[in-house]
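Student: Numbering (the working numbering), first residue to last: 185 to 310. Cβ coordinates follow ideal geometry from the N, Cα and C atoms, glycine included. Handing you this structure, nothing more for now.
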């Protein structure tokens, strides 16, 4: 094999490793929801190439207000889905969109973009 073929193979392996690290192994920060005086848990989530934070810890039985701040025009991030709750909402670019819900059971609630490429989770605890 020529040097160019070896470089292509090594580049391909490096790209595969990077993609797996980025989507599956990168450390994800868990945000604890701030509880306002009214007992509302409010969390700001920036939508830009993913959800930041992608993991959010909330308390069961209390109103959760998620404020999605979409800072891009990417077609993938134009809607947010909570499949287990039947929630689907359009996120206009460069605007904030609020979704309110009250989780009634402990566990994880996944949220994704319309193409299921961007992912996040609400961790519902007692």
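#1: Would you kindly check if the distance between the Cβ of residue 223 and the Cβ of residue 247 is under 8 Å?
#2: Just list the residues that DSSP pairs residue 242 with in beta bridges.
#3: Going straight from the alpha carbon of residue 179 to that of residue 266, what length do you get?
#4: Can you say whether residue 272 is buried or exposed, counting buried as having 16 or more other CB atoms within 10 angstroms of its CB?
#5: Look at residue 256 and residue 240 and say whether their C-beta atoms are less than 8 Å apart.
#6: Restricting to Cα atoms, I'd like to know which of 225, 196, 280 and 276 is closest to residue 287.
#7: Tell me the DSSP secondary structure of residue 294 in three-state form.
#8: Does the beta carbon of residue 268 fall short of 7 Å from some heavy atom of the ligand ZN?
#9: Does the beta-carbon of residue 295 have 16 or more other beta-carbons within 10 angstroms, so that it is buried, or is it exposed?
#10: State buried or exposed for residue 261, treating a residue as buried only when at least 16 other CB atoms are found within 10 Å of its CB.
#11: Out of 238, 298, 252 and 278, point me to the one whose CA is closest to residue 174's CA.
#12: Can you round the beta-carbon distance between residue 310 and residue 244 to whole angstroms, since I take them to be within the 8 Å contact cut?
Tutor: Quick answer:
#1: Locating residue 247 in the chain shown gives position 63, counting from the first residue. Locating residue 223 in the chain shown gives position 39, counting from the first residue. Taking 8 Å as the Cβ cut-off, residue 247 and residue 223 qualify as a contacting pair.
#2: On the chain shown, residue 242 is found 58 positions in, with the first residue counted as 1. Note: residue 242 sits in a beta bridge opposite 308.
#3: Lying outside 185 to 310, the shown extent of the chain, residue 179 is not represented and no answer is given.
#4: Along the chain shown, read from residue 1 onward, the residue named residue 272 stands at position 88. With fewer than 16 other Cβ atoms within 10 Å, it is exposed.
#5: Along the chain shown, read from residue 1 onward, the residue named residue 256 stands at position 72. Along the chain shown, read from residue 1 onward, the residue named residue 240 stands at position 56. No, the pair does not count as a contact, with Cβ atoms beyond the cut-off.
#6: Reading the chain shown from its first residue, position 103 is the one you call residue 287. Considering only alpha carbons, the answer is 225.
#7: Translated into positions along the chain shown, residue 294 becomes position 110. Strand.
#8: The ligand ZN is absent from the structure shown, which contains no ligand whatsoever.
#9: Translated into positions along the chain shown, residue 295 becomes position 111. Flag for residue 295 reads buried.
#10: The residue labelled residue 261 in the question sits at position 77 within the chain shown. So residue 261 counts as buried.
#11: Since the first and last residues shown for the chain are 185 and 310, residue 174 lies out of range.
#12: Counted from its first residue, the chain shown places residue 310 at position 126. Counted from its first residue, the chain shown places residue 244 at position 60. With 8 Å as the limit, residue 310 and residue 244 qualify as a contact, their Cβ atoms being about 6 Å apart.
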